[in-house]
Each structure stands twice: as structure tokens, then as C-alpha cells.
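2 protein chains.
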Amino acid sequence: MTTHHTAPTQFVEAAGVNFAYRRFGNPEGVPLVMNMHFTGTMDHWDPLVTDGLAKGREVILFNNAGISTTSGEVPTTIEGMAANAVAFVKALGLSKVDVLGFSLGGLVAQEMALAAPDLVRKLILVGTGPRSGEAMETLTPEALAVFGGTYEHPDDLWLGVFFTPTDRSQAAGREFLKRFRLRTEGRDHEVSEKVAPAQIEALGKWGAPRENPHAYLKSINQPTLVVNGGNDVIIYTVNSFILQQNLPNAQLILYPDSSHGSQYQYPELFVSDVSTFLDKNHF
Amino acid sequence: MTTHHTAPTQFVEAAGVNFAYRRFGNPEGVPLVMNMHFTGTMDHWDPLVTDGLAKGREVILFNNAGISTTSGEVPTTIEGMAANAVAFVKALGLSKVDVLGFSLGGLVAQEMALAAPDLVRKLILVGTGPRSGEAMETLTPEALAVFGGTYEHPDDLWLGVFFTPTDRSQAAGREFLKRFRLRTEGRDHEVSEKVAPAQIEALGKWGAPRENPHAYLKSINQPTLVVNGGNDVIIYTVNSFILQQNLPNAQLILYPDSSHGSQYQYPELFVSDVSTFLDKNHF
Numbered sequence: 001m002t003t004h005h006t007a008p009t010q011f012v013e014a015a016g017v018n019f020a021y022r023r024f025g026n027p028e029g030v031p032l033v034m035n036m037h038f039t040g041t042m043d044h045w046d047p048l049v050t051d052g053l054a055k056g057r058e059v060i061l062f063n064n065a066g067i068s069t070t071s072g073e074v075p076t077t078i079e080g081m082a083a084n085a086v087a088f089v090k091a092l093g094l095s096k097v098d099v100l101g102f103s104l105g106g107l108v109a110q111e112m113a114l115a116a117p118d119l120v121r122k123l124i125l126v127g128t129g130p131r132s133g134e135a136m137e138t139l140t141p142e143a144l145a146v147f148g149g150t151y152e153h154p155d156d157l158w159l160g161v162f163f164t165p166t167d168r169s170q171a172a173g174r175e176f177l178k179r180f181r182l183r184t185e186g187r188d189h190e191v192s193e194k195v196a197p198a199q200i201e202a203l204g205k206w207g208a209p210r211e212n213p214h215a216y217l218k219s220i221n222q223p224t225l226v227v228n229g230g231n232d233v234i235i236y237t238v239n240s241f242i243l244q245q246n247l248p249n250a251q252l253i254l255y256p257d258s259s260h261g262s263q264y265q266y267p268e269l270f271v272s273d274v275s276t277f278l279d280k281n282h283f
Numbered sequence: 001m002t003t004h005h006t007a008p009t010q011f012v013e014a015a016g017v018n019f020a021y022r023r024f025g026n027p028e029g030v031p032l033v034m035n036m037h038f039t040g041t042m043d044h045w046d047p048l049v050t051d052g053l054a055k056g057r058e059v060i061l062f063n064n065a066g067i068s069t070t071s072g073e074v075p076t077t078i079e080g081m082a083a084n085a086v087a088f089v090k091a092l093g094l095s096k097v098d099v100l101g102f103s104l105g106g107l108v109a110q111e112m113a114l115a116a117p118d119l120v121r122k123l124i125l126v127g128t129g130p131r132s133g134e135a136m137e138t139l140t141p142e143a144l145a146v147f148g149g150t151y152e153h154p155d156d157l158w159l160g161v162f163f164t165p166t167d168r169s170q171a172a173g174r175e176f177l178k179r180f181r182l183r184t185e186g187r188d189h190e191v192s193e194k195v196a197p198a199q200i201e202a203l204g205k206w207g208a209p210r211e212n213p214h215a216y217l218k219s220i221n222q223p224t225l226v227v228n229g230g231n232d233v234i235i236y237t238v239n240s241f242i243l244q245q246n247l248p249n250a251q252l253i254l255y256p257d258s259s260h261g262s263q264y265q266y267p268e269l270f271v272s273d274v275s276t277f278l279d280k281n282h283f
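Going line by line, the protein sequences match chains A and B. The first sequence begins at 1 in full-length UniProt numbering and counts up one residue at a time. The second sequence begins at 1 in full-length UniProt numbering and counts up one residue at a time.
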């Protein structure tokens, strides 16, 4: 069985796009499709998280259209990204999957559930928020400062994005930075300079104010697990609370002293919580 | 080994009060002391929850001063109730316990951690809120309606207190009502008519507006698990969010489609979440 570090990058054609993906883990059960964050590639996932989840199911990582090794253009709407993701999943011949989305990927995951409700069994929304969420039309002041900063080592950017300033969170962050460089063979190349502007445009449309912004959440009936850090400065934590309050069938978990990357700060706890949610049908 | 249904009621003297308690479960590890809600006795706990938690530790139920089989008067402050609870725990000869509090009991649990920080290892706050929490100075309109209602069977009151109006929540509620009547020998008698006024007075003082109402939470450094239903109408759910946001080291879990008694709606999930929190040291 291959792992996060050894799974080869494969390709599948759908919607005119050549999708790069990796697939590994326990072939029993419902596969889990993971949607990545702003400017991220398959190599930005934490192997402790992906391999941990892969013990109980197949984990499918992929680059959406226009990202790194996948062909095509990044759509300027979340709905467009979701349409591509749904086409990708169907091209794999899958008729039922669980869907996890992190940050921008969490917006895509919501739109996947709306666009293809029969395809999605359960939903996991990590470090993300609803349409017209608080401070989601533009990057938050904290995000602008972090993304605009200069760093001794380029990876250090992620310490400010994903972790709080406390000693224990930063220490967990440095462990994460080691882990996400452990795959040495067949890594994705970084995304082109065209990716960030398109994704920011899509985020802006999603986050723009509108009437009854959260009404759409009543149409997402899948059992949903909403997870975030208690102090997320990239997509404010209150947005996770709003998701739980408006989704008909959602559990919320907020972890202590953690920011946007809480699942990388508490990888074992996160894997335990997500596995319980996926394996049991408590709701 | 005795269980929720077979553990005898025992007595211990402390602070001039003769405390009734029951103690059962795995003698290894740190005992868990459970603080009951408004007008409740030891018999109001869910045996699926108490016996589930007792697999990994001793569970200690007790009636605080003036409640049912325990002598004395109900204090008109939460701090007074906490002082009695601390005296009770020390009278058992225990120097380190985990403390769970539900609703009113969650206020007592917070004050126990403040009054005796070395006595309390970890804290579990269920269906509760902070000092000066939202709508915590008086009963909420929903609580007034439920407690003022008339019921075919007296136990039906709890369907409105603990569960949402949905079919699945009410069905879970009816199962709970069966379970909490299963202990037949040595049940507590109902509380006297003096209990509710004293507890309401204490709740009013706790909930009253004050300056910097949540600053005290920074002094509760114990690892804390905050749990509630996503739609608690007795102590509004947002109060659990406020607790998590202000406690230095707290995880929040909100369960879907559930009200004040979410732990009785999802007893197995609750036992699993609490056991993970108590057994592991993820934070």
C-alpha cells in the first residue's frame, strides 16, 4: 500500500482538464476527496493527517484546474472550481465520496455538496466559512500582513498563516514544516503567478455581502463536521460557528490556542475526530 | 464493580453538611466529579453517560448542600455552592479530580477551578456559560415557557428542556426518559420547594452584567472541554462559544440539532469525546 510519501502522481482527463491526483490508503469504505487551500498543491497537506485518515479509507489528493501539475485555468468563481472538482471525481468512476475542504477548499467543498448532492456522503469543513462570512470578501488584515511579510526561509510564511504566536503553537508549526517536506520524490512544482489573482477574485465574489447570505446552508443536508482553531486570523473563527449554526446537520469542533491550521497543530486529535465522524453515524 | 444502577448512596460530612454521594467505576486514573443542573439530583444523570465514563475512571455523583438527600441549605451564590463542592471532594480524601458540570453545575465547576486550582486537573463544561453570559441573569423566555408548562407525565418537562422539537431529537429524548428511570433501588427523593428559589437567586447574581465579565476565565488554566447542543434554548449556545474564546486552553464541541441536553441525545459520542479528552493529553 502506498502512502502520502510514496503514492505516485496519476492523471485523469475531465471537463477538458488533465487532473493530477494521488490516491492511497485502505481500499474499504468511502473514499475521501481533499480540497486544498489558497495557492496550495497536493504537497501542502500534512502526511500525519493524510496517512492517519488513510488507515480507514482511501484518501484522494488532487490539484484542481490550473494548479501546479494540473492543466487548465483557475476559474474565478468557487462554483467553477467545484464544477471541476465534481467532474474530476466522476472521471475516477466514483459515485459516492466524502469531501474535506480546507480554507478556500472548504468553500469548494460546500459548492460540491450543492452541485452534486448525491455524490457527497459526508462533508468536513476545516478553517473555512460561509458565503458573505465575516471579513471574507477580502483577505483579513492579519492575512495581508502574513502574506506580505518577508521570511528567512520561505516556508516560515506558514508559521504565521497556520499557527498562533504562542510558544507551543509555533513549536507545533515547526514540526509541521518538517513533515510537509518529507516527500522527496515527485513533488508538485509551486503554482504559477496566475493562480493567486484568480483565487482572490473567486474569494471576493464568494465573500461579498448579499441578502440572506446563509440561507443556502439549509440545502446542505449531509452530515457535516466543521473544524477550526479557536483563534483563526485568516478566516475568522466565528465563521465556523456561523456554519454550524446554519447547517441543518453539523457538528463544530474548535481546538484551543490554534489558528488557521489547527488540524496541523493537533494532527492526531484531528484524525481521531474525523475518523469517528466518518466511521460512525452518530448523526 | 457497582454501576449507576447499583452503586449505594453513601454519606460524608464536610463543612457542616452531610453529603450524599455515589461512587462507581474503574478505580484507576483520576476520579471524575459531576455537578448537576438546576433542581436535579443524582438520579437525573443519564446511566449511558455515567456508566460509559466509568469504564475509564471512577465517577462520583453527589447532591450538593440542601439538595434532596444531602443536608443543609442551598447557598444563594455559585461561589457558595463551589465551596461546598470543594469541601465535599476534600472530605473524600481526594487531592486531584476531574470536574464535570452541567448547566448550573457548569457554573459551580468553573468556581471550583478558581477556588481550588490545584484540586482540579481537567474541566468539562456542558450546556453552560460564563459570568454575565447572554440571557443568563434570568431564565430565558424558552426556559420560562418550558418550566411553566403542564405535562401529561411530569418527566415530559425534560423533553422541552433538553431536546429540540425535531422528530429525531424528541425520539432521543424519549429514550433518555426511559433510561433515567432505570435505577429502581435507593433513588433520591425530589428536591424541596426551597431549592429552586435559592438556585435562581444564585443564577441571577452570576448572570448579572458587570465590567470585563469574562476576564476571570483567563485564570482557569486547566485543559477544558466545552460541550453543548447547537441550539440550546435554556443557556444559549453562544455562551459555550464565549467560554471557548476566553478560556486559555479550551476545546469546544457543538452537536447538531440538539438543545440543552446534547450529551443525553448523543450519549455514546459524548462519552467518546469526553474519554478522549480525559485519557489523552492533546492539549
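Glycine residues also receive a C-beta, built at the ideal position from the N, C-alpha and C atoms. In this text, all values refer to a predicted model and were calculated from it rather than measured experimentally.
For Ser95 of chain B, the number of other beta carbons within 10 angstroms of its own is below 16, and it is reported as exposed.
Residues of chain A whose Cβ lies closer than 9 Å to the Cβ of Leu254 of chain B are, in chain order, Val226, Phe241, Gln244, Gln245, Ala250, Gln251, Leu252, Ile253 and Leu254. Among the CB atoms of chain A, one or more fall inside 8 Å of the CB of Tyr266 of chain B. The region 75-128 of chain B is shown to contain whole alpha helix (DSSP H) runs of 4 or more residues at 78-91 and 104-115, in chain order. Ranked by Cα distance from Phe147 of chain A, the options A:Gly133, A:Glu134 and A:Phe162 are led by A:Phe162. For Glu13 of chain A, there is no enclosing alpha helix (DSSP H); the residue is part of the beta strand (DSSP E) that begins and ends at Gln10 to Ala14. Excluding sequence positions up to five before and after Gly204 of chain A, its CB lies within less than 8 Å of the CB of Glu137 and Thr138, all in the same chain and listed in chain order. By the CB criterion at 8 Å, Asn63 of chain A and Met42 of chain A fall inside the cutoff. The C-beta of Thr224 of chain A has 16 or more other C-beta atoms within 10 Å across all chains shown, which makes the residue buried. DSSP, read as helix, strand or coil, puts Arg168 of chain B in helix. Taken through DSSP and simplified to helix, strand or coil, Ala208 of chain A comes out as coil. With respect to the C-alpha of Ser262 of chain A, the residue from B:Leu252, B:Tyr266 and B:Val271 having the closest C-alpha is B:Leu252.
Looking at A:Asn231, A:Tyr236, A:Gly101 and A:Val89, the one whose alpha-carbon comes closest to that of Asp118 of chain A is A:Val89. Contact between His282 of chain B and Glu268 of chain A is confirmed by a C-beta separation of about 7 Å, below the 8 Å threshold.
For Leu269 of chain A, the nearest beta carbon of chain B is closer than 8 Å to its own beta carbon.
Scanning the region 250-278 of chain A from its first residue to its last, the whole alpha helix (DSSP H) runs of 4-plus residues come out as 262-265.
Listed in chain order, the non-local C-beta contacts of Asp156 of chain B below 8 Å within the same chain comprise Leu177, local neighbours out to five positions each way being set aside. Contact residues of the region 208-219 of chain B toward chain A are absent (C-beta to C-beta distance below 9 Å). Residues of chain A whose Cβ lies closer than 7 Å to the Cβ of Thr276 of chain B are, in chain order, Ser272. For the 8 Å CB-CB criterion, Asn26 of chain A and Gly56 of chain A form a contact. For the region 19-71 of chain B, the full-length alpha helix (DSSP H) segments reaching 4 residues or more read 47-54 along the chain. Non-local C-beta neighbours of Gly72 of chain A in its own chain, meaning closer than 6 Å and more than five positions away in sequence, comprise Val17, Ala65 and Gly66, ordered along the chain. Residues of chain A whose Cβ lies closer than 9 Å to the Cβ of Asp279 of chain B do not exist; the shortest such Cβ separation is about 11 Å. By the CB criterion at 8 Å, Pro197 of chain B and Asn221 of chain B fall outside the cutoff. A Cβ-Cβ distance of about 27 Å is found for the pair Gly149 of chain B and Leu125 of chain B, leaving them out of contact under the 8 Å criterion.
Using a Cβ-Cβ distance cut-off of 8 Å, the region 73-88 of chain B and the region 103-119 of chain B are in contact, since at least three pairs of beta carbons, one from each stretch, lie closer than that value. Collapsing the DSSP output to three states places Leu177 of chain B in a helix.
The beta carbon of Asp46 of chain B sits no closer than 8 Å to any beta carbon of chain A. Val74 of chain B has its alpha-carbon roughly 25 Å from the corresponding atom of Leu217 of chain B. Nearest CB-CB separation between His282 of chain B and chain A: below the 8 Å threshold. Judged by beta-carbon spacing, Gly160 of chain A lies beyond the 8 Å limit of Asn228 of chain A, meaning their Cβ atoms are not closer than that value. Counting only the Cα atoms, Phe270 of chain A lies some 33 Å from Ala15 of chain A. Annotation: Pro31 of chain A to Val238 of chain B spans about 34 Å, alpha carbon to alpha carbon. For Gly230 of chain B, the nearest beta carbon of chain A is closer than 8 Å to its own beta carbon.
For Asn239 of chain A, the enclosing alpha helix (DSSP H) has its first and last residue at Val238 to Asn246. For Gly93 of chain B, the closest of B:Leu278, B:Glu13, B:Gln265 and B:Thr184 by C-alpha to C-alpha distance is B:Glu13.
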